[in-house]
Each structure stands twice: as structure tokens, then as C-alpha cells.
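Numbering (this note's numbering), first residue to last: -12 to 175.
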């Protein structure tokens, strides 16, 4: 291999890049296994760094909702698919059921973990949260719905009903294009 270029990647940058890629794949209806692997890896990094920094805020694995005696089972269940996709030492002929809604869950908690650690939300995260606000408002806490609605207006979205009929790819591309244009305009 003639390319000897190396890059330096810090943990939080890796998590953000993994999450951004997972979101891109999700919006474009691509491979659920890859989305899960990337989103779960991004979450794992944020979870580990949160623990290392001593931040007492529950995310997914350490949710205070889960009783302590079920914590191990909870974590094993949450990690089942991600571990299955990384290892074949114990079950080389195995299979796993992947609940694809879990991909959305991991992307959301990874985004929350990054925010908790002081990482500014990427445009990809903004697109995901806004899409959820418009298409799955039942998943979003009321105090965030208003914030996301204001964000929608900043990229020219006034009527959520019109946006619901737009495909995920078109929504994502419009969001990214408009957000980048707004950023460029703000630097002039």
C-alpha cells in the first residue's frame, strides 16, 4: 500500500463522525446493520467518557428507570446486536434479530451523550432531530418541540404537514444545504 497518510482522531471526534455517518445512512435508507454498528459505537464512546469524567447523568445503559438487579440484563440486551456484529468467536454460525427502531434509539442517545459532553450538535444531528420533531413528535419532549420548531422556521419550514410528504433523502439534503448556506451567510 503506497498511501502512508495517517490522521489523528480523538475519541469524541470519532463518536461524532460515527454518529454523523449513521444518520446519513439512516436518511438514505441504507444498511441497518451498518447504521446500528456506527450508532452503537458512537453511543459507547459517549457513555464511557461520561463515566470517566464522573458525570452523573443517566443515558441508556445507566438509566435510573432500570432496577439495579436487572442492570446487567438490560445492558446485555442493549448490546446484543452490536456485539454480535463485532465478534464471531462464540457463535460463528449465529443469527440475531435487529429491531431497526433500536437504530433510532442509539442515534438519539449518542446525540444526547455528545451534547452532555459539550460537543456542538452537527448538522446531521440537527436534521435527525428536526425530522423526528416533524414526523414523530410523540418521541420528543414538549420543551424540545418548540425549540425544534424554531429551528425549522430558520431553514424555511413553516408547515409540518407539507414536510411530512417529503422523502427522508430530500428532507436531509434540503436541511444540509440550507444549514450550510445559513452558516456561510452568517460569516460574511
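Using N, Cα and C, we set each Cβ at its ideal position, and we do this for glycine too.
A check of alpha carbon separations from residue 29 across 90, 81, 141, 16 identifies 90 as the nearest.
Inside the region 100 to 166, DSSP marks whole alpha helix (DSSP H) runs of 4 or more residues at positions 110 to 122, 129 to 141, 147 to 151, from first to last along the chain. For residue 29, the enclosing alpha helix (DSSP H) covers residues 19 to 39.
Judged by pairs of C-beta atoms under 8 Å, the region 162 to 170 touches the region 98 to 116, as three or more such pairs exist. Around residue 32, the same chain offers -2, 2 as residues with beta carbons nearer than 6 Å, after the five sequence neighbours per side are excluded. Between residue 100 and residue 46 the beta-carbon gap is near 5 Å, inside 8 Å, which marks them as a contact. Between residue 37 and the set 83, 10, 104, the nearest pair of CA atoms involves 104. Residue environment: residue 88 is assigned as exposed (fewer than 16 neighbouring CB atoms within 10 Å of its CB, all protein chains considered). A distance below 8 Å between beta-carbons, with the five flanking residues on each side excluded, links residue -4 to the following residues of its chain, in chain order: 4. About 6 Å separates the Cβ atoms of residue 135 and residue 117, confirming a contact at the 8 Å cut-off.
Take residue 150, set aside five residues on each side of it, and the residues of its chain with a beta-carbon closer than 7 Å to its own are 121, 144, 158, in chain order. Following the DSSP letters along the chain, one finds residue 1 inside the alpha helix (DSSP H) bounded by residues -2 to 14.
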